[in-house]
Every structure is written in structure tokens, then in C-alpha cells.
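*Asks:*
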Amino acid sequence: MKLRNMPLELPETGWLIMERKREQKLVSIDDALLHIENDSFLAIGGFMIHNHPMGIIREIVKENRRNLKILPTPPGGSIDADLLIGCGCAASVVASYIGAEWLEPIMPNYRRKVEEGELEVLEYDEHTIICGLRASAEKLPCGITRAGLGTDLLKVNPHLKIFNNPVTGEPLVAVPPIEPDVAIIHAQRSDPYGNVQHAGSVFMDLLLAAASKKVIVSVDEVVPLELTRHDPFKTTLPCHLVTAVVHMPYGAHPCSSHGFYGYDEQHIRDYVGFAKRGDGYQEYLSKYIYNVGSLYQYLELVGGIRRLSELKAC
Amino acid sequence: MGDGVHVNELMAIVLSRDLKDYEMGEMGAYSEIPMAACKLARWTHAPNLNWWCSATSYLNSTSPLYHSSTDYRNIAGAEAVLDMNDALFYAVPRYDFFFLGAIQVDPYGNVNLTAVGAWEKPKLRGPGCAALPGVTALPIRSYIYMNRHDSRSFVERVDFVSGVGHLYGGHSKAKAGLPERGGPCLVVTPLAVMDFQDETKRMRLNSLHAGVALETVIENTGFELIIPENVPATMPPTEEEIRVLREKVDPYGILREKG
């Protein structure tokens with residue numbers, strides 16, 4: 001994606017030598033899922049209808065993890081969060097926005113469960129979430145911001161506290177660290193050691209990875225370490241931030257994988273239709289999740305190589 | 315609209331005219347109208363205007379308009395891309411203006427995108443606060459664009475203040491620790507354009523779109539709008555504005571799609 005006009009001068013010897021006992025981070029989806037336990041605080045990378053780790057999320061739904069607290073990273077989530085909410089895996093959400101832009105401004109399960117009092121909402125905005133993630137990444141006891149002053153956000157979120165700062169005496173908002181147990185992220189490429197590359201926008205994934213205890217990344221492509229070392233400018237998440245990598249081609253479907261393929265608009269519209277129908281929602285879950293054996297079977301189900309290739313052109 | 319101009323196009327043109335050369339601003343996700351306004355301004359009177367789409371954080375994209383401002387295709391044609399965390403540091407504090415939409419707006423331009431009814435058990439759960447608490451705490455001006463103008467969306471008091479407007483007038487913003495400079499300057503709807511009276515900070519009718527009666531606006535506003543003695547008609551789009559909008563900014567006709 002990025003054009004580099006600086007020629008890379010490689011050392012004459014040694015650059016291809018692999019550290020012999022280095023542990024690979026590439027694991028199966030089953031092994032990756034061991035990191036995600038019931039009652040976890042789970043953060044989701046990407047945003048809106050882009051770069052969500054949908055393959056991992058479908059497995060979480062299938063394995064029926066319960067009582068999750070989920071954080072769709074700012075500016076917000078859509079079908080990713082709505083699936084976990086709709087099937088009952090999520091008991092609470094930390095969120096600034098859950099919608100799918102022009103496809104569905106407010107996601108149906110989210111809306112219904114909140115209106116029926118079945119889902120706990122920890123109300124935040126983008127700035128306060130980012131502030132909390134920064135505090136976690138920096139190992140500070142709080143982040144500070146003006147976001148929230150004068151609004152009702154401070155009335156409904158007891159974690160956000162106004163204080164008079166010691167420099168000027170003006171009021172500011174203190175945000176405690178937001179430290180997810182696990183962040184699940186989708187990116188386009190990684191080597192087996194967890195050096196991850198985004199081919200499009202990084203969204204908030206880097207900050208999210210730095211703020212979280214564990215980081216699981218699904219990628220469309222796995223490439224050899226040599227390729228990472230050939231152009232390390234392209235690495236967007238360095239390996240020390242990554243716990244595990246799962247190879248999941250088209251793993252963001254029906255969301256886009258920025259730079260690799262577009263979103264499946266029809267599938268998202270169908271999903272919204274099912275989700276609005278209450279009973280119909282179980283039909284969606286059975287068809288696309290519970291009765292599906294593997295990612296590859298799912299990809300056939302949503303149209304196979306022909307449809308997926310079309311999405312490349314979107 | 316009778317003359318073949320879609321109301322979304324008119325709203326984009328009205329917003330575009332108010333943007334000034336050499337300023338910098340932003341819009342969020344799902345922002346077809348504001349993005350068209352910024353693109354149009356750069357093609358017409360404000361070639362040095364800089365705009366960020368804060369969702370995805372790209373600068374000055376010349377791509378055709380898409381529904382999703384986070385769509386990857388917007389990035390082809392941009393001049394820079396940051397991640398959101400960096401944008402919050404390097405771009406956001408330097409903005410001169412931003413755009414926002416809402417479910418409810420009140421006479422002081424306070425907006426609600428979070429919940430209608432009691433927050434604990436809402437009648438309508440909204441998508442969330444988005445970035446409103448953060449950007450409305452900046453000392454910069456904002457443009458409110460509303461896809462609906464009716465008494466359910468223009469209310470005396472918003473059920474949840476997600477974003478601060480002029481709060482409750484007077485020095486209420488300073489008391490809350492917020493900068494008094496800036497705040498909402500224009501409200502653009504399918505019916506009319508509103509601004510805010512200097513002394514009271516309350517919303518005032520500025521112009522009526524072609525074919526809209528004054529009574530229609532009054533009836534569809536759920537609070538007492540300040541009505542000046544002479545209410546002009548919104549300046550109709552020029553041929554040039556329409557041509558540039560349709561040829562350069564929105565060749566796919568995204569703005570003309572919705573009823």
C-alpha cells in the first residue's frame with residue numbers, strides 16, 4: 001500500500017537467519033479461543049462495517065461464551081457487537097456507537113435489548129474510551145480529557161469523574177484505565193511470529209493492542225518472516241503486542257478487510273432483516289454459525305470464491 | 315424540490331457556502347451531506363480548506379462520494395491517513411469546525427444521539443454518544459444537519475445531552491468548565507436554515523427553503539423559534555454549484571438516492 005522511495009540496504013549476511021528456537025504465534029482457531037473465557041472483557045478491533053474479526057466472533061458464538069463485557073472500539077461496532085449481543089454472549093457493552101451507517105443506523109439487537117432492559121450499557125464516547133485505553137497502555141491511573149463536561153454522559157457513567165486540575169483549577173474529566181482481557185483484531189497479513197500488517201486503515205487497532213492484556217489477530221494472509229524483514233515499515237502491530245495469530249482468509253466477511261476486499265452489503269442487509277424479526281434471528285444463527293463446520297464451509301455458504309472475488313472489486 | 319435539486323444536495327450546498335478558505339474541519343462516519351459540502355467548497359470558493367474524515371481519519375479525499383465515509387475507496391484520493399488515536403492528537407485540537415447530526419436538538423443546539431426517554435429504560439436507544447462529548451468540548455464552531463425537521467426531533471429539552479451546544483445560554487458553558495468560544499453556528503434541515511441569536515444563544519430562523527411556508531417550520535419545531543421580521547428565502551443553488559456537485563463531488567448520485 002505505502003510507496004517507499006528509500007531503497008533498503010540489506011546487510012550482506014545474516015538477515016535471513018531465523019532465530020532457531022523462536023516460538024511461532026500462529027495457532028488454530030480452537031487454540032486461540034482458549035484465551036477467551038466466560039466473563040472476559042473482550043474488545044473488538046476494526047470499526048463500523050470494516051475489519052471486524054467476524055470469523056473469531058462466529059466461533060465465540062458457536063462455543064457459547066457467556067457473560068462477556070464487550071468493547072466495540074471507537075468510533076464503533078456494528079454486526080460484530082450485534083451478533084454477540086443478539087445470541088446472548090454479551091451481558092454488557094462499553095460503547096460509543098453501535099450502528100452500520102446507512103445500512104442500519106442503530107443495530108437491531110442492541111436497540112431491542114437495551115430498550116427491554118436486558119443489556120447493561122457502560123456509556124462512553126470516543127474520546128473517553130480512547131483516553132481510558134491510553135491510560136491502560138501507558139500504565140497510568142487515569143487519562144484526562146474535557147470530553148463529557150456539560151453533558152449527561154457524566155451523569156450516567158460513574159467511572160468518569162470530574163476534578164479540578166491542580167495547574168489552573170479548571171474542571172477536567174478523569175477516565176480510569178480501560179484494560180480489556182482480550183482484544184480480537186482482524187488485519188490483512190502477518191508472519192508466523194505475529195508481526196502484523198494492515199493494508200488499509202489501522203483504525204484503533206494499535207492502541208487497542210497496547211491497552212489489552214492479550215491480543216488475538218485473525219489475518220487474511222500469512223507470509224514468511226522474510227517478507228516482514230524486507231520492509232519493516234509495513235508492520236503495523238509489532239509482534240510483542242500480539243499473543244496469537246489465526247489464519248482466516250476472508251475472516252472479516254461480511255465486513256470489509258480494508259485494502260483486501262469490500263463489505264458484503266447484501267449479507268449485512270439480510271442480517272439486519274433477520275435480527276429485526278426476533279424469531280428469524282435463530283434462523284440466521286443456525287444457518288451461518290451453529291450448523292457450519294469450518295470457516296471454509298462458511299465461505300462456500302456465503303457464495304464461495306465467485307462471490308468473494310466479486311467483493312475484491314468493491 | 316420542484317426544480318429538480320434534491321433536498322440533500324441543497325443542504326450540502328448551503329453548508330458548503332459557509333465554509334471558509336484556509337480553515338480545517340471534520341465530519342464523522344455516515345456523513346454524506348457534510349462530506350459533499352467540504353468537497354464542493356474545495357472545488358469552488360475554498361481550495362485551501364482542509365477536511366478530515368475523523369472516522370478512518372483521512373485528509374482531503376477527492377474520491378467520488380460514497381454512502382460510507384469509512385469506505386476504503388475514500389482513501390484512494392486522500393492526501394494523508396492517520397489512525398484515530400493519532401488524529402486525536404495531531405488533527406482534532408486544530409479544527410476550526412465540525413459537523414454533527416442528532417436524533418434530537420434543543421433551542422440552544424444541545425444534541426442527543428444516545429437515548430430518547432429515560433436513559434435507564436429508553437423508548438428509543440440511539441447508536442451512542444459517538445464523539446459528541448469530545449468535539450463539543452472544543453472551542454470551535456459546529457454545523458448541525460438534521461435529516462428530519464419535526465417536533466419530535468426539535469424539542470424544548472433533549473432527553474440526553476450527548477453533545478453540548480450553547481448549553482443553557484448565559485455563562486452556563488463557562489460554569490461547566492467549557493470554552494465559551496465556538497458552539498453551534500448553523501442548523502440546516504430539509505425545511506430551513508437556522509442560526510443562533512447572539513444575546514440569548516437561542517435558535518433563530520435564518521432562511522426558508524424554496525416552497526416551504528413559515529407556518530410549516532413553526533408547526534414542525536417543538537419549541538419557540540426566534541422569528542425575525544424578515545425571513546429571506548434560502549439562496550437557491552447556482553447552476554455552477556449544481557454542475558460541480560454532480561460532476562465532481564457526487565457523480566454516483568448518492569445524495570439524490572434518498573426520498
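Listed in order, the protein sequences are those of chains A and B. With the first letter of the first sequence counted as 1, position 9 gets the number 9 in the numbering used here; the numbers rise by one all the way through. With the first letter of the second sequence counted as 1, position 84 gets the number 398 in the numbering used here; the numbers rise by one all the way through. Built from N, CA and C at the ideal position, the CB exists for glycine as well.
Show which residues of chain B have a CB atom less than 8 Å away from the CB atom of arginine 189 of chain A.
*Replies:* If you number the first sequence from 1, residue 189 of chain A lands on position 189. Those do not exist, as arginine 189 of chain A stays about 15 Å from chain B at its closest Cβ, beyond 8 Å.
*Asks:* Please report the straight-line C-alpha distance between leucine 539 of chain B and leucine 329 of chain B, rounded to a whole angstrom.
*Replies:* Counted from its first residue, the second sequence places residue 539 of chain B at position 225. Counted from its first residue, the second sequence places residue 329 of chain B at position 15. Their backbone Cα atoms lie some 20 Å apart in a straight line.
*Asks:* Pull up the CB-CB distance for glycine 45 of chain A and isoleucine 185 of chain A, whole angstroms please, since I reckon it's below 8 Å.
*Replies:* In the first sequence, the residue the question calls residue 45 of chain A occupies position 45. In the first sequence, the residue the question calls residue 185 of chain A occupies position 185. Sure, about 3 Å apart at Cβ, within 8 Å.
*Asks:* Does the Cβ of leucine 301 of chain A have 16 or more other Cβ atoms within 10 Å, making it buried, or fewer, making it exposed?
*Replies:* Taking the first sequence and counting its residues from 1, one reaches residue 301 of chain A at position 301. Exposed is the call here.
*Asks:* Looking at the structure shown, is lysine 69 of chain A part of a helix, part of a strand, or coil, going by DSSP?
*Replies:* Here residue 69 of chain A corresponds to residue number 69 of the first sequence, with the count starting at 1. Residue state, collapsed to three classes: strand.
*Asks:* Between aspartate 31 of chain A and chain B, is the shortest Cβ-Cβ distance under 8 Å, so that the two count as touching?
*Replies:* If you number the first sequence from 1, residue 31 of chain A lands on position 31. Aspartate 31 of chain A does not count as touching chain B.
*Asks:* Rounded to the nearest angstrom, what separates valine 321 of chain B and cysteine 255 of chain A at their Cα positions?
*Replies:* Counted from its first residue, the second sequence places residue 321 of chain B at position 7. Counted from its first residue, the first sequence places residue 255 of chain A at position 255. If you take the alpha carbons of valine 321 of chain B and cysteine 255 of chain A, they lie about 31 Å apart.
*Asks:* Determine, for tyrosine 457 of chain B, whether the minimum Cβ-Cβ distance to residues of chain A falls below 8 Å.
*Replies:* Reading the second sequence from its first residue, position 143 is the one you call residue 457 of chain B. Chain A contact via Cβ: absent.
*Asks:* On the DSSP bridge list, what partners appear for alanine 32 of chain A?
*Replies:* Mapped onto the first sequence, residue 32 of chain A falls at position 32. Note: alanine 32 of chain A sits in no beta bridge, so no partner.
*Asks:* Label methionine 341 of chain B either buried or exposed according to how many other C-beta atoms from any shown protein chain fall within 10 Å of its C-beta, with 16 as the threshold for buried.
*Replies:* On the second sequence, position 27 is the one that residue 341 of chain B refers to. It is buried - the Cβ of methionine 341 of chain B has at least 16 other Cβ atoms within 10 Å.
*Asks:* Can you pull the DSSP bridge partners for phenylalanine 474 of chain B?
*Replies:* Here the question's residue 474 of chain B lines up with position 160 in the second sequence. None, per the DSSP bridge assignment.
*Asks:* Taking 8 Å as the threshold, find out whether the region 113-133 of chain A comes into contact with the region 163-180 of chain A through three or more Cβ pairs.
*Replies:* yes
*Asks:* Verify the CB distance criterion: does methionine 315 of chain B have a CB-CB separation below 8 Å to chain A?
*Replies:* Position 1 of the second sequence, counted from the first residue, corresponds to residue 315 of chain B. In this prediction, methionine 315 of chain B has a pLDDT of 48, which is less than 50 and means its spatial position is unreliable; what the coordinates show is noted afterwards. Answer no: the Cβ-Cβ gap between methionine 315 of chain B and chain A never drops below 8 Å.
*Asks:* Within 8 Å (strictly less), CB to CB, does tyrosine 344 of chain B reach chain A?
*Replies:* Counting from 1 along the second sequence, the entry for residue 344 of chain B is found at position 30. Tyrosine 344 of chain B counts as touching chain A.
*Asks:* Measuring only between beta-carbons, confirm whether aspartate 564 of chain B sits less than 8 Å from chain A.
*Replies:* For the purposes of this step, residue 564 of chain B is taken as residue 250 along the second sequence, with counting starting at 1. Judged by the 8 Å Cβ criterion, aspartate 564 of chain B is not in contact with chain A.
*Asks:* Let me make sure I understand the geometry here. Which of B:Asp385, B:Ser465 and B:Asp473 has the alpha-carbon closest to that of glutamate 434 of chain B?
*Replies:* Stepping through the second sequence from its first residue, residue 434 of chain B is reached at position 120. For glutamate 434 of chain B, the nearest C-alpha among the options comes from B:Asp473.
*Asks:* Rounded to whole angstroms, what's the CA-CA distance from glycine 483 of chain B to alanine 547 of chain B? Just pull it up for me.
*Replies:* Taking the second sequence and counting its residues from 1, the one referred to as residue 483 of chain B is at position 169. Taking the second sequence and counting its residues from 1, the one referred to as residue 547 of chain B is at position 233. The alpha-carbon atoms of glycine 483 of chain B and alanine 547 of chain B are separated by roughly 28 Å.
*Asks:* Quick one: is methionine 398 of chain B near chain A, going by C-beta distance under 8 Å?
*Replies:* Taking the second sequence and counting its residues from 1, the one referred to as residue 398 of chain B is at position 84. Any Cβ of chain A closer than 8 Å to the Cβ of methionine 398 of chain B would place that residue at the interface, and such an atom is present.
*Asks:* What first and last residue would you give for the alpha helix (DSSP H) that runs through tyrosine 403 of chain B?
*Replies:* Sequence index remark: in the second sequence, residue 403 of chain B carries index 89 (1-based). Checking the sequence, you will find phenylalanine at residue 403 of chain B rather than tyrosine. Where phenylalanine 403 of chain B is concerned, the enclosing alpha helix (DSSP H) stretches over 398-404.
*Asks:* Select from B:Val419, B:Asn520 and B:Tyr457 the residue whose C-alpha is nearest the C-alpha of valine 469 of chain B.
*Replies:* Counted from its first residue, the second sequence places residue 469 of chain B at position 155. Minimum Cα distance to valine 469 of chain B is reached at B:Val419.
*Asks:* What does histidine 320 of chain A reach in chain B if we use C-beta pairs closer than 7 Å?
*Replies:* The structure shown does not extend to residue 320 of chain A, since chain A spans only 1 to 314, so no value can be given for it.
*Asks:* Can you tell me whether proline 108 of chain A is helix, strand or coil according to DSSP?
*Replies:* As a position in the first sequence, residue 108 of chain A is number 108, starting the count at 1. Three-state DSSP puts proline 108 of chain A in a helix.
*Asks:* I'd like to know whether the C-beta of lysine 312 of chain A is nearer than 8 Å to at least one C-beta of chain B.
*Replies:* For the purposes of this step, residue 312 of chain A is taken as the residue at position 312 of the first sequence. Taking Cβ atoms only, chain B never reaches closer than 8 Å to lysine 312 of chain A, which makes this a no.
*Asks:* CA-CA distance, isoleucine 70 of chain A and asparagine 520 of chain B?
*Replies:* Residue mapping note: residue 70 of chain A aligns to position 70 of the first sequence, counting from 1. Residue mapping note: residue 520 of chain B aligns to position 206 of the second sequence, counting from 1. Rounded to the nearest angstrom, the two C-alpha atoms are 44 Å apart.
*Asks:* Name, please, each residue of chain A whose Cβ falls closer than 7 Å to the Cβ of histidine 474 of chain B.
*Replies:* On the second sequence, position 160 is the one that residue 474 of chain B refers to. Checking the sequence shown, residue 474 of chain B turns out to be phenylalanine, not histidine. Neighbours of phenylalanine 474 of chain B on chain A, chain order: Asp152.
*Asks:* Relative to chain B, which residues along the region 185-218 of chain A have a C-beta separation below 8 Å, given in chain order?
*Replies:* Gly200, Ser201, Val202, Phe203, Met204, Asp205, Leu206 and Leu207
*Asks:* Looking only at its chain, what residues have a beta carbon closer than 8 Å to the beta carbon of glutamate 179 of chain A, apart from the 5 residues adjacent to it on each side?
*Replies:* Mapped onto the first sequence, residue 179 of chain A falls at position 179. Cβ contact annotation for glutamate 179 of chain A (same chain, cutoff 8 Å, sequence separation greater than five): Phe41, Ser136, Ala211, Ser212 and Lys213, in chain order.
*Asks:* Within its chain, find whatever has a CB closer than 6 Å to the CB of isoleucine 327 of chain B; leave out the 5 residues flanking it on each side and keep chain order.
*Replies:* For the purposes of this step, residue 327 of chain B is taken as the residue at position 13 of the second sequence. The answer, listed in chain order, is Pro551 and Glu555.
*Asks:* Going by alpha carbons, who is nearest to cysteine 142 of chain A out of A:Phe47, A:Ala313, A:Asp125 and A:Phe163?
*Replies:* Residue mapping note: residue 142 of chain A aligns to position 142 of the first sequence, counting from 1. The shortest C-alpha separation from cysteine 142 of chain A is found at A:Phe163.
*Asks:* Distance cutoff 8 Å, beta carbons only. Does proline 158 of chain A sit that close to anything in chain B?
*Replies:* Position 158 of the first sequence holds residue 158 of chain A. With 8 Å as the cut-off, proline 158 of chain A does not count as an interface residue toward chain B.
*Asks:* Is there contact between the region 383-392 of chain B and the region 424-433 of chain B, where contact requires at least three CB pairs shorter than 8 Å?
*Replies:* no
*Asks:* Could you tell me the distance, in whole angstroms, from the CA atom of alanine 394 of chain B to the CA atom of tryptophan 365 of chain B?
*Replies:* Taking the second sequence and counting its residues from 1, the one referred to as residue 394 of chain B is at position 80. Taking the second sequence and counting its residues from 1, the one referred to as residue 365 of chain B is at position 51. Those two C-alpha atoms are separated by around 11 Å.
*Asks:* If you draw a straight line from the C-alpha of threonine 243 of chain A to the C-alpha of glutamate 37 of chain A, how long is it?
*Replies:* As a working note, residue 243 of chain A is residue 243 in the first sequence. As a working note, residue 37 of chain A is residue 37 in the first sequence. Rounded to the nearest angstrom, the two C-alpha atoms are 15 Å apart.
*Asks:* Just tell me which of A:Glu123, A:Gly86, A:Arg146 and A:Ala252 has its CA closest to the CA of proline 407 of chain B.
*Replies:* Residue 407 of chain B sits at position 93 when you count from the first residue of the second sequence. Considering only alpha carbons, the answer is A:Arg146.
*Asks:* Taking valine 94 of chain A as the reference, which of A:Leu237, A:Leu149, A:His159 and A:Tyr263 has the closest Cα?
*Replies:* Locating residue 94 of chain A in the first sequence gives position 94, where the first residue counts as 1. Considering only alpha carbons, the answer is A:His159.
*Asks:* Please go through the same chain and pick out, in chain order, the residues whose beta-carbon is closer than 8 Å to the beta-carbon of alanine 432 of chain B, but skip the five residues on each side of it.
*Replies:* As a working note, residue 432 of chain B is residue 118 in the second sequence. Answer for alanine 432 of chain B: Asp473, listed in chain order.
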